[in-house]
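Every position in the sequence shown, counted from 1, becomes a number in the numbering used here once 11 is added. All C-beta atoms, glycine included, are put in the ideal place defined by N, C-alpha and C. Working notes, structure below.
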Amino acid sequence: MADDFLPIKGYDHVEYYVGNARQAAHFYDKTFGFTPVAKAGLETGVRDRASYVLAQGNIRLVLTTALTPDHEITRHCALHGDGVKAIGLRVADVGKSMAAVKQRGATVLKPATAMEDEHGQLVTGEILYAGDTVFRFVERENYRGAFAPGYAPLDVTNSTNAESPVGLASIDHIVTNVHLGKMNYWAQWYEDVLGFNNLAHFTDADISTEYSALMSKVMENGTGKCKFPINEPAEGKKKSQIEEYLDYYYGPGVQHVAMTTGNIYDTVMELRSRNIDFLRVPDTYYEMMRKRVGDVGEDWDRLQELGILIDKDDDGYLLQIFTQTTQDRPTLFYEVIERHGSRGFGIGNFKALFVSIEEEQARRGNL
Ligand code: FE2
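The structure is reproduced here in structure tokens:
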């Protein structure tokens with residue numbers, strides 16, 4: 012787009028605030044197959060926190076914990092539990108980007124700030140997003156170090172992830188849950204402040220079961236690199252899964268991170284062997300979808316065996332699967348997605364999936 016004032020190059024990283032970053036890093040390494048590649052902490056001269064950078068494909072996760080009780084990160088974890096703090100977006104010029112979004116009404120938390128070490132210069136800036144979540148702009152064209160100044164590279168030669176890779180390649184989309192009545196507010200915010208477009212809109216008529224419902228709008232940036240669906244709960248007979256999230260996260264925040272793979276069968280088999288639990292899919296789902304989707308060259312028996320979902324639209328089809336929530340609070344979870352032309356989000360799966368999610372909610376006594 013010629014008038015895109017915020018040309019985003021892609022996702023740079025996702026930073027989590029967690030109660031124990033060392034243990035969280037082990038979890039993401041041994042289960043999801045993210046290799047720890049860099050660390051910041053006491054050993055690198057950082058006195059108040061420890062951060063681990065984990066990498067897989069083009070995806071970078073940063074897991075950060077505080078080392079003291081009276082710390083913003085400690086308070087964040089006490090309130091929200093472990094969760095996504097910052098969505099890092101790569102831009103060519105953080106100074107220009109921050110000036111543009113500020114002029115459009117962004118709440119600036121950290122103005123464009125340059126950090127330097129012997130590997131060059133890294134520039135970041137932050138604005139407030141929903142709840143305590145932030146967007147972080149990152150300019151790393153002139154930085155050649157491990158991740159950022161203050162981080163030291165870790166030895167990756169003993170990592171088993173190279174021998175038995177999970178195969179996650181890139182971030183596809185990141186979904187935020189917001190309170191009832193706030194979806195349109197945040198959709199407008201994406202348009203006004205970030206210059207995003209509304210790619211899709213799902214109403215509670217599309218996404219509902221007998222008991223609960225949600226509404227969703229998908230916002231996409233001008234270069235099409237980043238997609239951010241926003242969910243809000245809709246009225247239902249019982250508690251929506253979005254409300255359950257908001258209750259346990261104590262506010263709006265990131266609900267799931269969707270990551271692409273080139274071979275979802277191999278990825279899911281590897282994740283299952285590493286003890287990742289996925290949402291159960293009702294048997295009736297596959298009977299229904301065989302009729303709805305028809306023959307697209309996929310192996311229906313294998314899809315059913317592995318619990319992989321399928322959806323088709325005018326552009327093509329997609330395969331996807333959702334994990335259970337990955338911490339004790341029923342908040343954040345993950346999606347693995349393999350796209351074959353479809354630019355959608357599995358709308359045809361939402362209903363079947365909700366039946367499954369509600370079974371899990373009922374098991375937690377939250378339906
Ligand atoms: Fe998704």
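What is the DSSP secondary structure of residue i, counted as helix, strand or coil?
i      : result
Leu17  : coil
Ile182 : strand
Gln338 : coil
Tyr259 : helix
Leu205 : helix
Asn242 : strand
Asp312 : helix
Arg151 : coil
Ala89  : helix
Glu129 : coil
Val366 : helix
Ser108 : helix
Met12  : Caution is warranted here: a pLDDT of 47 is assigned to Met12, below 50, making its placement in the model unreliable, and no coordinate value can be reported.
Lys50  : strand
Ala66  : strand
Ala163 : strand
Asp59  : coil
Phe289 : strand
Excluding the 5 residues flanking residue i on each side, which residues of the same chain have their C-beta closer than 6 angstroms to its C-beta?
i      : result
Val73  : His24, Glu26, Ser62, Val64
Asp322 : Leu329, Gly357, Gly359, Asn360
Thr271 : Ala180, Ser181, Asp183, Ile348
Asp215 : Ala224, Met226, Ala245
Gln335 : Asp288
Take the Cβ of residue i as the centre, count every other Cβ of all protein chains shown within 10 Å, and call the residue buried at 16 or more, exposed below.
i      : result
Pro164 : exposed
Met12  : With a pLDDT of 47 at Met12, under the threshold of 50, the predicted position of this residue should be treated as unreliable, though the coordinate-derived value follows. Result: exposed.
Leu17  : buried
Leu225 : buried
Ser367 : buried
Glu174 : exposed
Gly308 : exposed
Val145 : buried
Gln372 : buried
Tyr297 : buried
Val167 : exposed
Leu139 : exposed
Gly99  : buried
Pro341 : buried
Arg374 : exposed
Asn153 : exposed
Lys121 : exposed
Arg303 : exposed
Gly4   : With the chain covering 12 to 378 only, the question about residue 4 has no answer from this structure.
Thr295 : exposed
Ala89  : exposed
Thinking C-alpha only, which one of the options is nearest residue i?
i      : options                        : result
Asp339 : Gly318, Ser367, Lys323, Tyr256 : Tyr256
Gly376 : Phe361, Val265, Lys249         : Lys249
Gln67  : Thr171, Thr295, Leu133         : Thr171
Glu281 : Lys41, Val29, Arg33            : Lys41
Gly233 : Leu139, Glu246, Val204         : Val204
Arg350 : Leu320, Thr337, Glu231         : Leu320
Gly262 : His91, Ala49, Gly327, Glu231   : His91
Gly44  : Asn286, Val292, Gly355         : Asn286
His190 : Lys238, Pro176, Tyr259         : Tyr259
Glu254 : Gly327, Asp104, Leu378, Phe207 : Leu378
Gln199 : Pro176, Met230, Ser219, Asp217 : Met230
Whose C-beta lies closer than 8 angstroms to the C-beta of residue i among residues of the same chain, with five residues either side of it excluded?
i      : result
Thr85  : Ala77, Thr79
Val102 : Leu17, Pro18, Ile19, Lys20, Ser108, Phe148, Val149, Glu150
Val279 : Phe289, Leu317, Gly318, Ile319, Ile332, Val347
Asn195 : Lys228
Asp325 : none
In the DSSP assignment, what are the bridge partners of residue i?
i      : result
Met300 : According to DSSP, which records beta bridges pairwise, Met300 is partnered with nothing at all.
Ile138 : Val119, Phe146
His267 : Val186, Phe344
Ala211 : Val229
Ser219 : Ala224
Val25  : Leu72, Ile98
Thr79  : Its beta-bridge partners do not exist; DSSP assigns none.
His351 : Tyr328
Lys323 : Tyr328
Starting from the C-beta of residue i, find all residues in its chain whose C-beta is less than 7 angstroms away, skip the five residues before and the five after it, and write them out in chain order.
i      : result
His212 : Lys228
Arg313 : Tyr276
His82  : Asp59
Pro160 : Met126, Glu127, Asp128, Leu133
Met300 : Ile321
His130 : Tyr154, Arg155, Gly156
Ile70  : Leu179, Ser181, Ile182, Met270
Val268 : Val25, Ile182, Ile185, Tyr345
Ala117 : Ile138, Val204
So, is the C-beta of residue i closer than 8 angstroms to a C-beta in chain C?
i      : result
Leu100 : No chain C is part of this structure, which consists of one protein chain only.
Less than 7 angstroms separating the Cβ of residue i from some heavy atom of the ligand HEM?
i      : result
His267 : Ligands displayed in this structure: the ligand FE2; the ligand HEM is not among them.
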